[in-house]
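Peer 1: If you're matching positions, the sequence shown starts at 191 in this note's numbering and goes up one per residue.
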Amino acid sequence: MILDNKSLLKLDGLHEHLLAVVGHAAEISDMNFIVTEGVRTEKRQAELFAAGASQTMNSRHLTGHAVDLAVKVGKEVRWDWPLYGQLNTIMQEAASQMGVKLEWGGNWKSFKDGPHWQLPWEDYPA
191 MILDNKSLLK LDGLHEHLLA VVGHAAEISD MNFIVTEGVR TEKRQAELFA
241 AGASQTMNSR HLTGHAVDLA VKVGKEVRWD WPLYGQLNTI MQEAASQMGV
291 KLEWGGNWKS FKDGPHWQLP WEDYPA
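Shown next as structure tokens:
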């Protein structure tokens, strides 16, 4: 799979290890996906926080340590939860092959965030 130009632009500023994982996941994936958000401004984060779409103002997106992806089925972006579990399997395989630790928002105890992957705070302090 090849990431589209809009996705490639949204990867600008990501930590090099996360960038490598996303790129490798695209290479090995049998699923189509796009990048919906990479690095966020504080203003964008505040908007998402105010809207309840984020529960923190200390997002890993602010430092380039997080990325949001969306699965495409045909030409349609889909939000079906099982698709994100499948994409996580691909992302974790890519991370493992690259020797990078990766967290998936779908594994969080509260506020599960299926489209979100980030480099762990412990291994990648901001």
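Ideal Cβ placement from N, Cα and C applies to all residues, glycine included. Only a predicted model underlies this, so the values are computations on that prediction, with no experimental measurement involved.
For the region 265 to 297, which segments carrying the alpha helix (DSSP H) assignment without a break, of at least 4 residues, lie completely within its bounds, in sequence order?
Peer 2: Segments of the alpha helix (DSSP H) lying fully in the region 265 to 297: 271 to 288.
Peer 1: Any chance the region 249 to 260 sits against the region 222 to 241, with 3 or more Cβ pairs inside 8 Å?
Peer 2: yes
Peer 1: Can you tell me the Cα-Cα spacing of MET288 and ALA215, whole angstroms?
Peer 2: 10 Å
Peer 1: Check whether the region 263 to 270 touches the region 289 to 300, taking contact to mean three or more Cβ pairs, one atom from each stretch, closer than 8 Å.
Peer 2: Verdict: no, contact absent.
Peer 1: Based on DSSP bridge pairs, tell me the residues matched to TRP307.
Peer 2: According to DSSP, which records beta bridges pairwise, TRP307 is partnered with VAL257 and TRP294.
Peer 1: May I have the straight-line CA-CA distance separating ASN195 from PHE301, to the nearest angstrom?
Peer 2: 30 Å
Peer 1: Would DSSP call PHE239 helix, strand or coil?
Peer 2: helix
Peer 1: Mark TRP311 as exposed unless 16 or more other C-beta atoms lie within 10 angstroms of its C-beta, in which case mark it buried.
Peer 2: exposed
Peer 1: Mind pulling the beta strand (DSSP E) runs of 3 or more residues that sit fully within the region 194 to 230?
Peer 2: Taking only runs of at least 3 residues, the beta strand (DSSP E) segments lying wholly in the region 194 to 230 are 222 to 227.
Peer 1: Quick test of your reading: MET247 and ASN222, contact by CB under 8 Å. State the CB separation rounded to the nearest angstrom.
Peer 2: Not really, about 32 Å apart at Cβ, beyond 8 Å.
Peer 1: Let me know the secondary structure DSSP gives LYS233 once reduced to three states.
Peer 2: helix
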